[in-house]
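Trainee: Here you go, one structure.
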Amino acid sequence: MSIPPVVAIDNGGGNCKIGMAGQPSPARVFPNASAKPKGERQTLIADLLADTKEVSQLQLKRPFDRGYLCNLELQRDIWSRAVRTIVRRTPGECGLLLTEPLFNFDEIRAGTQQVVFEEMGFRSFYAAPAPLFSMHAAAGLLGASLPAARTGAGVVVDAGFSFTHVVTFFKGQVLESGVRRINLGGKAMTNYLKELLSYRSLNMMDETYLMDMVKEQLCFVSQDVKADLRMAQSAARSPHRREFVLPDGVHNLRGYLRDPAEWAQKVESIKQAVRVAESIDEKKRLVAQLEADQVLVLNNERFMVPELLFHPDDIGLHQAGVVEAVVQAVTGTHPALAPLLYGNVILTGGVASCPGFKDRFSRELRAMVPDDHQLNVFQPQAPALFAWEGMSMFGSSHLYNKVAVTKAQYEESGSWAANRQYS
1 MSIPPVVAID NGGGNCKIGM AGQPSPARVF PNASAKPKGE RQTLIADLLA DTKEVSQLQL
61 KRPFDRGYLC NLELQRDIWS RAVRTIVRRT PGECGLLLTE PLFNFDEIRA GTQQVVFEEM
121 GFRSFYAAPA PLFSMHAAAG LLGASLPAAR TGAGVVVDAG FSFTHVVTFF KGQVLESGVR
181 RINLGGKAMT NYLKELLSYR SLNMMDETYL MDMVKEQLCF VSQDVKADLR MAQSAARSPH
241 RREFVLPDGV HNLRGYLRDP AEWAQKVESI KQAVRVAESI DEKKRLVAQL EADQVLVLNN
301 ERFMVPELLF HPDDIGLHQA GVVEAVVQAV TGTHPALAPL LYGNVILTGG VASCPGFKDR
361 FSRELRAMVP DDHQLNVFQP QAPALFAWEG MSMFGSSHLY NKVAVTKAQY EESGSWAANR
421 QYS
């Protein structure tokens, strides 16, 4: 049987990654949301939202709620535009490969299939959790060097938008007794950053999209939290202090990180101009240039926000941190599998891209793993795209046709396929 073209969509709660199976990277990454600029009627979705010039005061609406796809109408509109304008394909000529949450509800699966087959008209369809595709990618990438990867064994840490999942695998299959979920991801971290900055600096509670950008640009995982907190005590001399200039809606539409050296040079030149200015009005005009920008100052927030992933109890969430969750997941499987599982730990998801995450995670996990077990922690070059890369490999192989539901099967059996388990 010939393999039809397959559209691969890593349908995250925060971002969508879309492209054609067989390609090395997705054609586009865009927010999985719609947004209305304040005071305007036009709704921005998919690539329109990603390309918008003005990011301040966007009112976001997401199809996902608490990690599950709840608004199928909005999701259909986002998929339809992405397929039509980004990959430029007709659904009737393609299959669709999609990610879904772990232990997804049958009702959501059935609704998704209805949208995929009846409303969009795809030829075939298969959905599975992102960690499964990450493991598939790791087997292809690491199989030659790691025995665990060759046998499809390992642990995928998927630090995503809504949750952080720790998923164990053996022979490419999910070991359900070795799955752990932390109810914390990129969304909770952004909300925490908004609260901290609104309390200490400026009110940013309505600036979710902008704060997402700030978080991705400035946050990092501390290797020694106590030492970094001591250095951050004096805000003026803190090595962690950064200034983000907020959009003004006229000249500066997206905001930017202020360069300290350039700003110091500008301040000095304005001071000199003020000294030689002849009129009071001229001096006032020059001084106003220093006060024109609205500046968001970040200091210890840069590392205390990602710290939530290691210590969720900082915000009252009584769950294990990501390192303890890995140990709990491995302990939940057969003891004989532990050496294989620890030998192939894969860090994926957008939160795993945070600078310093791998170093801190590896060091703390090594202290909790038995000395006679080898620990290999792998972080791909682009953790947020790794699941999509696995989807691309999967969708362009014979495996897709083997497991995908065709439109004819759906029309004959209805939502029968919604109850099928991923493999």
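Under the UniProt record's numbering, the first residue of the sequence shown carries the number 1, and numbering increases by one thereafter. Backbone N, C-alpha and C fix where the C-beta goes; we use that ideal spot for every residue, glycine too.
1) Would you be able to state if there are at least three C-beta pairs under 8 Å between the stretch 389–396 and the stretch 107–120?
2) Measure the Cβ-Cβ separation of Ala188 and Ile315 and say whether it is below 9 Å.
3) Kindly indicate the opening and closing residues of the beta strand (DSSP E) around Thr164.
4) Measure the CB-CB distance between Val330 and Leu341 and report whether it falls below 9 Å.
5) Report the rounded CA-to-CA distance for His165 versus Leu132, giving the unit in angstroms.
6) Could you say if the stretch 293–307 and the stretch 89–97 meet the contact criterion of at least three C-beta pairs nearer than 8 Å?
7) For the beta strand (DSSP E) that contains Phe117, what are its first and last residues?
8) Could you tell me the distance, in whole angstroms, from the CA atom of Gln75 to the CA atom of Ser279?
9) When the Cα of Phe220 is compared with those of Ala352, Pro260 and Leu317, which residue comes out closest?
10) Can you name, in chain order, every residue of its own chain whose Cβ lies under 8 Å from the Cβ of Phe117, other than the five neighbours on each side?
11) Give the straight-line distance between the Cα atoms of Met328 and Arg180, rounded to the nearest whole angstrom.
12) Using beta-carbon positions only, say whether Asn344 and Leu102 come within less than 9 Å of one another.
13) Who are the near neighbours of Thr99 in its chain, counting only those whose CB is closer than 6 Å to its CB and skipping five residues on each side?
14) My output table needs one value for Asp47: the three-state DSSP class, helix, strand or coil.
15) Quick check on the DSSP output: what are the complete beta strand (DSSP E) runs of length 3 or more inside the stretch 142–223, in order along the chain?
16) Cα-Cα, which of Ser162, Gly154, Thr190 and Ser222 is closest to Leu375?
17) Check each candidate in Thr112, Leu385 and Ala382 and name the one with the smallest Cα separation from Val405.
18) In whole angstroms, what separates the C-alpha of Ser269 from that of Pro260?
19) Are at least three pairs of beta-carbons, each pair with one atom in the stretch 234–243 and one in the stretch 296–306, less than 8 Å apart?
20) Below 9 Å between beta carbons: does that hold for Pro380 and Leu141?
21) Taking the runs of the alpha helix (DSSP H) that are 4 residues or longer, which of them lie wholly in the stretch 250–309?
22) Rounded to a whole number of angstroms, what is the C-alpha to C-alpha distance between Gly152 and Glu73?
23) To the nearest angstrom, how far is it from the Cα of Pro24 to the Cα of Arg360?
24) Taking Arg363 as the reference, which of Ser222, Ala288, Lys271 and Gln59 has the closest Cα?
25) Measuring CB to CB, does Met87 end up less than 9 Å from Arg254?
26) Any idea what DSSP makes of Pro312, helix, strand or coil?
27) Sort Asp228, Gly186, Glu176 and Leu246 by Cα distance to Asn203 and report the nearest one.
28) Nearest CA to the CA of Leu304: which residue from Leu257, Asn104 and Lys194?
29) Classify Asp281 as buried or exposed, calling it buried when 16 or more other Cβ atoms lie within 10 Å of its own Cβ.
30) Let me know if Gly414 comes out buried or exposed under the rule of 16 or more other beta-carbons within 10 Å of its beta-carbon.
31) Whose CA, out of Asn15, Lys36, Ala33 and Leu60, lies closest to the CA of Pro26?
32) So the candidates are Ala127, Asp212, Ala82 and Ala33; which of them puts its Cα closest to the Cα of Pro63?
33) Assign Ser423 to buried or exposed, taking buried as 16 or more other Cβ atoms, counted over all protein chains shown, within 10 Å of its Cβ.
34) According to DSSP, is Gln409 helix, strand or coil?
35) Is the distance from the Cβ of Leu58 to the Cβ of Lys36 below 9 Å?
36) Could you spell out the range, first to last residue, of the beta strand (DSSP E) harbouring Met20?
Mentor: Let me lay it out:
1) no
2) yes
3) Thr164 to Phe170
4) yes
5) 12 Å
6) no
7) Segment: none, Phe117 is in no beta strand (DSSP E) and carries neither H nor E.
8) 60 Å
9) Ala352
10) Phe125, Lys407, Tyr410 and Glu411
11) What sits at residue 328 in the sequence shown is Gln, not Met. Each residue's alpha carbon lies about 8 Å from the other.
12) no
13) Asp10, Asn11 and Ala130
14) helix
15) 154–159, 164–170 and 173–182
16) Gly154
17) Thr112
18) 14 Å
19) yes
20) yes
21) 260–276, 280–291 and 301–304
22) 37 Å
23) 29 Å
24) Ser222
25) The displayed chain sequence assigns Val, not Met, to residue 87. Against a cut-off of 9 Å, the Cβ pair of Arg254 and Val87 comes out as no contact.
26) helix
27) Leu246
28) Reading the sequence as shown, one finds Met at residue 304 and not Leu. Residue Lys194 is the option with its Cα nearest to Met304.
29) exposed
30) exposed
31) Asn15
32) Ala33
33) Note that Ser423 has pLDDT 47, beneath the 50 cutoff, so the model's placement of it is unreliable and no number is given.
34) helix
35) yes
36) Asn15 to Met20
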